[in-house]
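Data first, discussion second: the structure below is written as structure tokens.
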Amino acid sequence: MSSPDRGSVLLIEVPEAEPAVREHRERLDENARLGIPAHITVLYPFLPADAISAAVLARLEDVFAPVSAFGLRLDHTDWFGENVLWLGPEDPAPLAALTDLVWEAFPAFPPFQGQHEVVIPHLTVGHGHPLSDMRAAEESVSASLPVEARVSTVTLMTEQSAGGQWARSASFALA
4 MSSPDRGSVL
14 LIEVPEAEPA
24 VREHRERLDE
34 NARLGIPAHI
44 TVLYPFLPAD
54 AISAAVLARL
64 EDVFAPVSAF
74 GLRLDHTDWF
84 GENVLWLGPE
94 DPAPLAALTD
104 LVWEAFPAFP
114 PFQGQHEVVI
124 PHLTVGHGHP
134 LSDMRAAEES
144 VSASLPVEAR
154 VSTVTLMTEQ
164 SAGGQWARSA
174 SFALA
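So the sequence shown is numbered by this note's numbering: it starts at 4 and just counts up by one.
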């Protein structure tokens with residue numbers, strides 16, 4: 004999730020998934036080493052970190068305030084090809100709706116720069132590592148499913164230096 008300039012991302016932290024995925028993410032997902040917790044992306048890339056003003060934060064608050072908190076159940080593993088292992092939600096609709104709301108409010112920032120026709124809400128366990136390591140992680144993580152969580156907050160994280168660590172910059176409560 005890094006870019007030449009300091010970037011930002013809107014995400015849903017899923018601390019309830021950490022016991023199942025932490026060890027695997029630390030080995031298999033570079034984002035974990037950059038300080039990004041187990042999460043489901045709402046919108047990436049978002050604004051450059053330096054462009055996030057009080058007005059942007061207020062707009063995000065307005066976007067998320069009317070959305071009701073909801074339950075999340077991560078109940079299966081899946082793959083993007085043989086390169087990305089992820090956990091999937093039983094019902095992706097509320098997560099996809101959050102992405103659509105933010106994209107509607109900030110149309111210059113399509114999810115994943117418009118690279119995918121359909122955005123699939125997911126929690127990445129690992130990517131870009133040998134398939135045998137990823138399959139072993141899948142077997143381990145599967146034994147811990149389902150993961151139940153309550154989504155009541157969207158977190159804004161910003162890159163602290165280009166290609167460097169990420170930190171929480173703001174959070175937005177759902178209704």
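Don't be surprised by glycine CBs; every beta carbon is placed ideally from N, CA and C.
Segment limits, alpha helix (DSSP H) that includes Ala-176: Here Ala-176 belongs to no alpha helix (DSSP H); instead the beta strand (DSSP E) covers 169 to 176.
Answer with buried or exposed for Ile-123, where buried requires no fewer than 16 other C-beta atoms within 10 angstroms of its C-beta. It is exposed - the Cβ of Ile-123 has fewer than 16 other Cβ atoms within 10 Å.
How close, in whole Å, do the beta carbons of Pro-149 and Leu-77 come, if the pair is a contact with beta carbons under 8 Å? Between Leu-77 and Pro-149 the Cβ distance is about 6 Å, and since that is below 8 Å, they are a contact.
Residue interval of the beta strand (DSSP E) (run including Asp-213): Outside the modelled stretch of the chain, which goes from 4 to 178, sits residue 213, for which no answer is possible.
DSSP has Ser-11 in a bridge; who is on the other side? Thr-161
For Leu-159, decide whether its Cβ has a neighbour in chain B, counting only Cβ atoms nearer than 8 Å. Among the protein chains of the structure shown there is no chain B, as only one such chain exists.
Take Ile-156 and list the residues in its own chain whose beta-carbon comes closer than 8 Å to its own, dropping the five residues that flank it on each side. Checking the sequence shown, residue 156 turns out to be Thr, not Ile. So the qualifying residues of the chain are Ile-15, Glu-16, Ser-174, Phe-175, Ala-176 and Leu-177.
Here's a check: name, in chain order, each residue in its chain whose Cβ is nearer than 8 Å to the Cβ of Arg-25, leaving out the five neighbours to either side. Ala-35 and Ala-41
Grouping DSSP H, G and I as helix and E and B as strand, with all else coil, what is His-27? helix
Once you ignore the five residues that flank Gly-91 on each side, which residues in its own chain have a CB closer than 6 Å to its CB? His-79, Asp-81 and His-125
Do Leu-75 and Ala-152 have their beta-carbon atoms positioned less than 8 Å apart in this structure? yes
My guess is that Phe-49 and Leu-13 are in contact by the Cβ rule of under 8 Å, so how many angstroms apart are they, rounded? 6 Å
So what's Gly-74 in DSSP terms, helix, strand or just coil? strand
Residue from Glu-19, Leu-60, Leu-31 and Glu-21 whose Cα sits closest to the Cα of Ser-172: Leu-60
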